[in-house]
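The structure appears below as structure tokens.
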Amino acid sequence: MKCISLFLLLFVGGCATIQVPSAYTYREIKTPGFTLAAWVKDTDTKASFHVYLEGDGRAYTNSGFPSHDPTPKSGLMRQKAFKDSAPNVAYLARPCQFVKDSMCTQKDWTTSRFSPQIVASVATALMQIVGDRPVELYAYSGGALLSGLVIANYPEIKVTQWTTYAGLLNHSSWTAYKHLAPLRGSLDLQQLPNVPQTHYVGGKDKVVPLKLSVLWTGNKNLVIVPDSTHHGPFVSTTP
Numbered sequence: 046m047k048c049i050s051l052f053l054l055l056f057v058g059g060c061a062t063i064q065v066p067s068a069y070t071y072r073e074i075k076t077p078g079f080t081l082a083a084w085v086k087d088t089d090t091k092a093s094f095h096v097y098l099e100g101d102g103r104a105y106t107n108s109g110f111p112s113h114d115p116t117p118k119s120g121l122m123r124q125k126a127f128k129d130s131a132p133n134v135a136y137l138a139r140p141c142q143f144v145k146d147s148m149c150t151q152k153d154w155t156t157s158r159f160s161p162q163i164v165a166s167v168a169t170a171l172m173q174i175v176g177d178r179p180v181e182l183y184a185y186s187g188g189a190l191l192s193g194l195v196i197a198n199y200p201e202i203k204v205t206q207w208t209t210y211a212g213l214l215n216h217s218s219w220t221a222y223k224h225l226a227p228l229r230g231s232l233d234l235q236q237l238p239n240v241p242q243t244h245y246v247g248g249k250d251k252v253v254p255l256k257l258s259v260l261w262t263g264n265k266n267l268v269i270v271p272d273s274t275h276h277g278p279f280v281s282t283t284p
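Structure, rendered in structure tokens:
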């Protein structure tokens, strides 16, 4: 294992480290809108890619105010990626996570976290990573909606399997149910993309309640993990 220092990549001071398997390379992927952080293992040009998309990260503080840095404290999706034994695997962070980008403003991880610019940036980064190879796309929390929007709007990305964990799949009904301010400036999914999919949800999830997951999926392709909260643990479909 090798340790990559993120001191120069964090929004705030201090030194943080991530233990990264030696097969992975850190990349900063420039797109027309944002620069995205990714850790990539690419060892077989003929094999499909497994891509793990991060959730919303630390969008808000514990007091409910927009944070100054949305970089996730949890390593849930990163560790899922690093434990995946497939030949081609990538962990893709969301815009403004890990990388300080001059384009970033607080709305990009709050009210406009699913804006057309955010969706386009993630789609562009994804295509730069995988090229024309098929993709199995895994996403957590708000990353589920973002990945769904990418699938729906960029059919040239060959997604053969879409797997979500504690996935937010429609922000309009979620904010209404939770009595939160609407996410103005964000796109939404009116129906789920027509690709093979599996959605893992926690029976004890209070952030994205099971009732909403059943509504969004029509109780199809849904795997309920009874003792899981929004933060896991989740049953993994990867090796």
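Per this note's numbering, the sequence shown runs over residues 46 to 284. Ideal Cβ positions, reconstructed from N, Cα and C, are used throughout, including at glycine.
1. Please state if the CB of residue 84 and the CB of residue 126 are separated by a distance shorter than 8 Å.
2. Which residue spans inside the segment 130 to 216 form an unbroken alpha helix (DSSP H) run of at least 4?
3. Between the alpha carbons of residue 133 and residue 64, how many angstroms are there, rounded?
4. So the candidates are 114, 173 and 95; which of them puts its Cα closest to the Cα of residue 122?
5. Mind listing, in chain order, the continuous beta strand (DSSP E) runs of no fewer than 3 residues lying wholly within the segment 81 to 138?
6. Comparing alpha-carbon positions, which option in 254, 253 and 197 lies nearest residue 168?
7. What does the alpha-carbon distance come out to for the pair residue 81 and residue 275?
8. Under 8 Å by Cβ, that's how I've got residue 140 and residue 129 pegged, so tell me the actual separation to the nearest angstrom.
9. Tell me which residues share the same chain as residue 74 and place their Cβ nearer than 6 Å to its Cβ, disregarding the 5 neighbours each side in the sequence.
10. Three-state secondary structure (DSSP) at residue 76?
11. Would the segment 255 to 273 count as touching the segment 188 to 205 if we require 3 or more Cβ pairs under 8 Å?
12. Around the Cβ of residue 62, are there at least 16 other Cβ atoms within 10 angstroms (buried) or fewer (exposed)?
13. With a cut-off of 8 Å on the beta carbons, I'd call residue 186 and residue 231 a contact; round off their distance for me.
14. By a C-beta neighbour count over all protein chains shown, 10 Å radius and 16 as the cutoff for buried, is residue 217 buried or exposed?
15. Could you tell me which residues DSSP pairs with residue 243 in its beta bridges?
16. In terms of residue numbering, what span does the alpha helix (DSSP H) encompassing residue 259 cover?
17. I believe residue 178 touches residue 228 by the beta-carbon criterion, under 8 Å. Please report the beta-carbon distance rounded to the nearest angstrom.
18. How would you call residue 60, buried or exposed, if buried means at least 16 neighbouring beta carbons within 10 angstroms?
19. Take residue 110 as the anchor and find which of 156, 252 and 219 has the nearest alpha-carbon.
20. Measuring only the C-alpha atoms, how far is residue 339 from residue 146?
21. Can you name the residues that DSSP bridges to residue 267?
22. For residue 278 versus residue 248, is the C-beta spacing smaller than 8 Å?
Considering the structure as presented:
1. yes
2. 161 to 175 and 187 to 198
3. 19 Å
4. 95
5. 94 to 98 and 133 to 137
6. 197
7. 25 Å
8. Wrong, their Cβ atoms sit about 23 Å apart, outside the cutoff.
9. 81, 83, 170 and 173
10. coil
11. no
12. exposed
13. The pair is not a contact, with the Cβ atoms about 15 Å apart (cut-off 8 Å).
14. exposed
15. 208
16. 255 to 262
17. Actually they do not touch by this definition, with Cβ atoms about 32 Å apart.
18. For residue 60, the pLDDT reaches just 42, beneath the cut-off of 50, and the residue's location in the model is therefore unreliable, leaving the point undetermined.
19. 156
20. Residue coverage of the chain in this structure runs from 46 to 284, which leaves residue 339 outside it and unanswerable.
21. 244
22. no
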